[in-house]
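First up is the structure itself, then whatever we jot down about it.
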Amino acid sequence: MLEDSKTKLICTIGPSTYNYEVFKELVKEGMNVARVNGSHATDEEIRAVVSNVNNVNKELNTNVALLFDIAGPKIRTGTFVNGEVTLTKGNYVNIVRENIVGDETKFTINNKSLIDNLKVGDTVYLNDGLLTLKVEEVNNDQVKCLIANDCKIKDRRGVNVPGFFYDVDFLEEKDRIMIKKALENGTTFLALSFVQTKDNILEVKEYVKSLGFEVPKIIAKIESYSALTHIDEILDEVDGIMIARGDLALEVDVEQVPIIQKKFVKKAKMKNKLAIVATEMMGSMISSPRPTRAELTDVCNAVFDMADAVMLSGETTIGQYPVETVRYMKTLCKTSEANPDLMRKVLPYYGEDQIASTIARLANLATEELEAKCIIVPTTTGKTAVLLSTLRPNLKIVATCIDEKTARFLSLAYGVSPIVVNKFDTIEEMIEESKTKTKESLNLSSGDLVIVTGGSNNKDTDLIKIERI
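Remember, our numbering sits 154 above the position in the sequence shown when you count from 1.
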């Protein structure tokens, strides 16, 4: 088993990392999940990532998981003359309903309902916030905006309006196609962009079932104002959330983003769901061999906030130093994890499963009283392992799984090292098989103490044992 940080690392795969040898180095340095950006990935690029994941798991005996990020209903500009225009501060530009090729005076958008809902005084951001427009006049067919700063705009750039509810069909045809590709390629996770309410999640689940597939693990990206106001119902329907700070910073006042990160990671952990922090974690390393001091602090704070995982985007898609970035990220996470007193620990909500929750708490308590080497959690669903993970025990959690699907899911859970084992029929077989595999993976010695939790007779978790290897 490769020595990783407890905090998991998600890397977006792109031109800098499609090469198998580079991809393998990412895994050796600590990558746990490979992300496919559904907004840009071609069929050829998808095949490359899937092949790399499958090959590296065989070669290195790892459980690297696949995450497909679905683009979602993002509002975008139309096209422009020659593919790009320069908008000048102090001039006016019209957002028009008609489908036109834009220029310096007007452009169209893919979601016409925005024109119906904008009001005088609203702020409109284009191109990830690089251009700011102020709404000055509104009529049925166009919105007149004052250009607040100089900026070049290319075709199909993103459009954001703080506080706007996106009245659009959540699953567009392009997203249906990408979801189908993700399922056909055995993805472990679907990350859904611009989720607004739980209905969006339910729509995706029904679509997946209609295709005849089992619903994969769902991650809701929190990047819209509506998602903030519906977070509790969203958390009830997903396996985790991603604090997608890029678009989120355009939907709310930017100074609120750090507060939202802390509050919503805590909310996720209280509901025993996975939490991911993303966007510009190590952005300077796209072109620099070292991160900035602010980036160092940002990564450490995500760990202290109790994020399960941190994510890299441009750093590993187009960056000049992808392997070095992952190495820095892992080192930062491990340094932070060595200071558990700084973590904002929470007690998760256990729901009706009081027995499993009590077992998890007892196992966590035992780690503080005994000189054990690890906690072994035989699991079929991963639920107990995630529950233990949320409690942040000071020992490694070894989750022994009877299938790759569960093992890859747990590759995203803080402090959990998943191992695939042979299927067992009795509780005795379960414990012995788990101990044997754990001894091999962690290089334990005979006589070492371990804590074992599990379910007797294939039931839910209902036992805790102190065992020697």
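We treat Cβ as the ideally placed atom computed from N, Cα and C, and that holds for glycine.
These figures come from a predicted structure and were not determined experimentally.
query: Can you tell which of Glu183, Gly168, Lys212, Phe222 has its C-alpha closest to the C-alpha of Gly199?; result: Looking at the sequence shown, residue 199 is not Gly but Glu. Comparing Cα positions, the closest option is Gly168.
query: How is Met426 classed by DSSP in three states: helix, strand or coil?; result: Sequence inspection shows Asn at residue 426; the Met mentioned does not correspond to that position. If DSSP states are grouped into helix, strand and coil, Asn426 belongs with coil.
query: What residues are listed by DSSP as bridge partners for Cys487?; result: Beta-bridge pairing links Cys487 to no other residue.
query: Taking the alpha carbon of Ser438 as the reference point, which residue from Lys417, Thr470, Lys228, Lys427 has its own alpha carbon closest?; result: Thr470
query: Just to confirm, are Ile618 and Thr607 a CB contact at a threshold of 7 Å?; result: yes
query: Would you call the CB atoms of Ile530 and Val604 closer than 7 Å?; result: yes
query: With distances taken between CB atoms, is the gap from Gly394 to Ile414 smaller than 7 Å?; result: no
query: If I measure Cβ to Cβ from Ala539 and keep anything under 7 Å in the same chain, skipping five residues before and after, which residues do I get?; result: Val531, Thr533, Ile551, Ala553, Leu564, Ala567, Val570
query: Are Asp223 and Arg189 touching if we call contact CB-CB under 7 Å?; result: yes
query: Using C-beta distances below 7 Å, list every residue in its chain close to Pro445, excluding the 5 sequence neighbours before and after it, in chain order.; result: Met436, Ser438, Met439, Tyr482
query: Under a Cβ-count criterion, where at least 16 other Cβ atoms within 10 Å of its own Cβ denotes burial, should Thr615 be classed as buried or exposed?; result: buried
query: So, with DSSP's three-state summary, where would you put Met436?; result: coil
query: Give a yes or no on contact between the stretch 234-241 and the stretch 356-370, applying the rule of three or more CB pairs nearer than 8 Å.; result: no
query: Starting from the Cα of Ala432, find the closest Cα among Arg447, Met424, Lys416 and give me that residue.; result: Lys416
query: Would you decide whether Ile620 is buried or exposed? Buried here means 16 or more other CB atoms lie within 10 Å of its CB.; result: exposed
query: Keeping to the same chain, check which residues put their C-beta closer than 7 Å to that of Val210; ignore five residues upstream and five downstream.; result: Phe177, Lys178, Val181, Thr216, Val218
query: Distance check for Leu428 and Met396, CA to CA, integer angstroms please.; result: 8 Å
query: Note down, in chain order, each residue of its chain lying with its Cβ closer than 8 Å to the Cβ of Glu491, except the 5 sequence neighbours on either side.; result: Ser159, Lys160, Thr161, Val457
query: Which first and last residues belong to the alpha helix (DSSP H) in which Phe563 is found?; result: 558-564
query: Which word fits Leu516, buried or exposed, when buried means at least 16 other C-beta atoms lie within 10 angstroms of its C-beta?; result: exposed
query: Hey, is the stretch 373-384 in contact with the stretch 346-354, meaning 3+ C-beta pairs nearer than 8 Å?; result: yes
query: Provide the residue span of the beta strand (DSSP E) that contains Tyr279, from first to last.; result: 277-280
query: Determine contact between the stretch 310-319 and the stretch 227-234, defined as no fewer than three beta-carbon pairs at a distance below 8 Å.; result: yes
query: From the DSSP output, read off the bridge partner residues of Leu344.; result: Phe222, Ile372
query: Give a yes or no on whether 7 Å exceeds the smallest Cβ distance from Gly275 to chain B.; result: Within the model displayed, chain B is absent; a lone protein chain is all it includes.
query: Are Lys527 and Leu598 closer than 7 Å when you measure CB to CB?; result: yes
query: Assuming Met332 is part of the alpha helix (DSSP H), what are its boundary residues?; result: 327-338
query: Report the CB separation of Thr262 from Val247 in whole angstroms; it is logged as a contact under 8 Å.; result: Not really, about 11 Å apart at Cβ, beyond 8 Å.
query: Expressed to the nearest angstrom, what Euclidean distance is found between the alpha-carbon atoms of Asp624 and Ile388?; result: In the structure displayed, the chain extends from 155 to 623; residue 624 sits before or after that span and is not available.
query: Quick check on the DSSP output: the alpha helix (DSSP H) that includes Lys182 runs from which residue to which?; result: 174-183
query: Nearest to Leu466 by CA position, among Leu541, Tyr172, Tyr174, Met185, is which residue?; result: Met185
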